[in-house]
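A.B. asks:
2 protein chains.
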Amino acid sequence: MGRGPAKSSAKLSAKPADKTSLHLRLDFGGERSLGPGKIRLLELIDETGSISAAGRALKMSYRQAWLLVDELNHMFKEPVVSAQTGGGGGGGTVVTETGKAVVRLYRDMERRTFKASSPDVRALSRLIAPVARKVL
Amino acid sequence: MGRGPAKSSAKLSAKPADKTSLHLRLDFGGERSLGPGKIRLLELIDETGSISAAGRALKMSYRQAWLLVDELNHMFKEPVVSAQTGGGGGGGTVVTETGKAVVRLYRDMERRTFKASSPDVRALSRLIAPVARKVL
Chain A
18 MGRGPAKSSA KLSAKPADKT SLHLRLDFGG ERSLGPGKIR LLELIDETGS ISAAGRALKM
78 SYRQAWLLVD ELNHMFKEPV VSAQTGGGGG GGTVVTETGK AVVRLYRDME RRTFKASSPD
138 VRALSRLIAP VARKVL
Chain B
18 MGRGPAKSSA KLSAKPADKT SLHLRLDFGG ERSLGPGKIR LLELIDETGS ISAAGRALKM
78 SYRQAWLLVD ELNHMFKEPV VSAQTGGGGG GGTVVTETGK AVVRLYRDME RRTFKASSPD
138 VRALSRLIAP VARKVL
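The listed protein sequences correspond, in order, to chains A and B.
First residue of the first sequence: 18, per the working numbering; consecutive thereafter.
First residue of the second sequence: 18, per the working numbering; consecutive thereafter.
1. So which residues of chain B does residue 117 of chain A contact, with C-beta pairs closer than 9 Å?
2. Just verifying my parser: in three-state terms, what is the DSSP assignment at residue 41 of chain A?
3. Taking C-beta to C-beta, are residue 58 of chain A and residue 82 of chain A nearer than 8 Å?
4. With the cut-off set at 8 Å, would you say residue 130 of chain A and residue 65 of chain B are in Cβ contact?
5. Got a sec, what are the start and stop residues for the alpha helix (DSSP H) residue 113 of chain A sits in?
6. When DSSP labels each residue in this structure, what does residue 72 of chain A get in the three-state scheme?
7. What residue from A:80, A:51, A:70 and A:134 has the CA that sits closest to residue 122 of chain A's CA?
8. Please confirm if the stretch 110 to 129 of chain A is in contact with the stretch 81 to 100 of chain A, defined as three or more CB-CB distances below 8 Å between the two stretches.
9. Can you tell me whether residue 127 of chain B is buried or exposed? The criterion is at least 16 other CB atoms within 10 Å of its CB, across all chains shown.
10. Which word fits residue 137 of chain A, buried or exposed, when buried means at least 16 other C-beta atoms lie within 10 angstroms of its C-beta?
11. If you drop the 5 nearest sequence neighbours on each side, which residues of the same chain put their C-beta closer than 7 Å to that of residue 74 of chain A?
12. For the stretch 58 to 90 of chain A, list every residue whose C-beta sits within 8 Å of some C-beta in chain B, in sequence order.
13. Counting only C-beta atoms, is residue 54 of chain B closer than 8 Å to chain A at any point?
14. Using a threshold of 8 Å, state whether the C-beta atoms of residue 94 of chain B and residue 146 of chain A are closer than that.
15. How many angstroms separate the CA atom of residue 68 of chain A from the CA atom of residue 79 of chain A?
16. Give the interface partners of residue 37 of chain A over in chain B, defined as CB-CB distance under 9 Å, in chain order.
17. Return no unless some Cβ of chain A is closer than 8 Å to the Cβ of residue 100 of chain B.
18. Tell me, please, whether the CB atom of residue 110 of chain B is closer than 8 Å to any CB atom in chain A?
19. By alpha-carbon positions, which one of B:85, B:70, B:37 and B:89 ends up nearest to residue 46 of chain A?
20. Kindly identify the DSSP beta-bridge partner or partners of residue 109 of chain A.
21. Is there a Cβ of chain B sitting closer than 8 Å to that of residue 120 of chain A, yes or no?
22. Quick one: Cα of residue 124 of chain A to Cα of residue 41 of chain B, how far?
23. Is the Cβ-Cβ distance between residue 119 of chain A and residue 141 of chain B less than 8 Å?
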């Protein structure tokens, strides 16, 4: 996934202007939210097949990563991550079809959002003071 | 606004799906960020002419509100809020032209973003479990 250069627009859109970035969080009610952290965790679980490896990559403890996965699994109608048993390798962790759909929809939303907002984001960036005041 | 069924999309987009809402935060680097809280504070200062009244409406202390205003004033090239001296009323607090531009651009960005993201947001909402599990 993601080898062709045509796909690099996704990278660009993550930084709508110079040092400016836009972050999206969805609230579904009942304290259920979805933002870039959980999505990145799902992507890394999908890549590594392991909650602990994904957590490590995000500098979180296994417990932290596991709690986020548990939260995600209860948030959606169907689990987004499940243990894969059988086979030879002692089983791994997989992102389910629902989980993959969640990641895809979130990234689609981000792409559309970054594109739609970029004129306003650029205009806002131009109003920002050029250098951050040094604090401490 | 929002009487005809065609125009109701603007209203709808503030709540992209049933109980679902989308929140945007801009990061400009140097720990300078802009989200719905600061924007709402500016709008309320513009409405009330008072940092303390705006803070009260958001259930924050005067100190909290003042610190946010100070942060905003240093974040942009020009202050977004300034004290108005003179006149009869002992002076009030006004949102500057830059401050008004910031609010307008942010709300424009939100509107465009909500519109662009609504198909994905709806699709994600449909994957969410219908009732939050009762915790506690």
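Don't be surprised by glycine CBs; every beta carbon is placed ideally from N, CA and C.
C.D. replies: The answer reads as follows:
1. The residue labelled residue 117 of chain A in the question sits at position 100 within the first sequence. Going along chain B, no residue has its Cβ under 9 Å from residue 117 of chain A, so there is no contact; the nearest lies around 11 Å.
2. Counting from 1 along the first sequence, the entry for residue 41 of chain A is found at position 24. In the structure shown, residue 41 of chain A sits in a strand (DSSP, three-state: E or B).
3. Your numbering for residue 58 of chain A matches position 41 in the first sequence. Your numbering for residue 82 of chain A matches position 65 in the first sequence. Contact flag set, yes.
4. The residue labelled residue 130 of chain A in the question sits at position 113 within the first sequence. The residue labelled residue 65 of chain B in the question sits at position 48 within the second sequence. With respect to residue 65 of chain B, residue 130 of chain A sits apart: the two C-beta atoms are not nearer than 8 Å.
5. Counted from its first residue, the first sequence places residue 113 of chain A at position 96. Element bounds for residue 113 of chain A: n/a, residue is neither H nor E.
6. The residue given as residue 72 of chain A occupies position 55 in the first sequence. Residue 72 of chain A falls in the helix class under three-state DSSP.
7. As a position in the first sequence, residue 122 of chain A is number 105, starting the count at 1. Measuring from the Cα of residue 122 of chain A, the nearest candidate turns out to be A:51.
8. The stretch 110 to 129 of chain A is in contact with the stretch 81 to 100 of chain A.
9. One-based indexing of the second sequence puts residue 127 of chain B at position 110. Looking at its Cβ environment, which holds 16 or more other Cβ atoms inside 10 Å, residue 127 of chain B is buried.
10. Along the first sequence, one-based indexing puts residue 137 of chain A at 120. Buried, by the Cβ-count rule.
11. Counting from one through the first sequence, the residue named residue 74 of chain A turns up at place 57. Closer than 7 Å at Cβ, skipping near neighbours: 61.
12. Cβ proximity to chain B below 8 Å picks out nothing from the stretch 58 to 90 of chain A.
13. In the second sequence, counting from the first residue as 1, residue 54 of chain B sits at position 37. False, the Cβ-Cβ gap to chain A never drops below 8 Å.
14. Your numbering for residue 94 of chain B matches position 77 in the second sequence. Your numbering for residue 146 of chain A matches position 129 in the first sequence. For residue 94 of chain B and residue 146 of chain A, yes; Cβs fall inside 8 Å.
15. On the first sequence, residue 68 of chain A is found 51 positions in, with the first residue counted as 1. On the first sequence, residue 79 of chain A is found 62 positions in, with the first residue counted as 1. Approximately 7 Å between the Cα atoms of the pair.
16. Taking the first sequence and counting its residues from 1, the one referred to as residue 37 of chain A is at position 20. Near residue 37 of chain A (Cβ distances below 9 Å), the residues of chain B are 43, 44, 45 and 46.
17. Within the second sequence, the letter at position 83 stands for residue 100 of chain B. Not a single CB atom of chain A sits nearer than 8 Å to the CB of residue 100 of chain B.
18. What you label residue 110 of chain B is simply residue 93 of the second sequence in a count that begins at 1. Residue-level contact check: residue 110 of chain B does not touch chain A, since none of the beta carbons of chain A fall below 8 Å from its beta carbon.
19. On the first sequence, residue 46 of chain A is found 29 positions in, with the first residue counted as 1. For the residues B:85, B:70, B:37 and B:89, the minimum Cα distance to residue 46 of chain A belongs to B:37.
20. Along the first sequence, one-based indexing puts residue 109 of chain A at 92. DSSP output for residue 109 of chain A lists A:101 as bridge partner(s).
21. In the first sequence, counting from the first residue as 1, residue 120 of chain A sits at position 103. So no, residue 120 of chain A is outside the interface.
22. Taking the first residue of the first sequence as position 1, residue 124 of chain A is located at position 107. Taking the first residue of the second sequence as position 1, residue 41 of chain B is located at position 24. Pairing residue 124 of chain A with residue 41 of chain B, the inter-Cα distance amounts to about 15 Å.
23. Stepping through the first sequence from its first residue, residue 119 of chain A is reached at position 102. Stepping through the second sequence from its first residue, residue 141 of chain B is reached at position 124. For residue 119 of chain A and residue 141 of chain B, yes; Cβs fall inside 8 Å.
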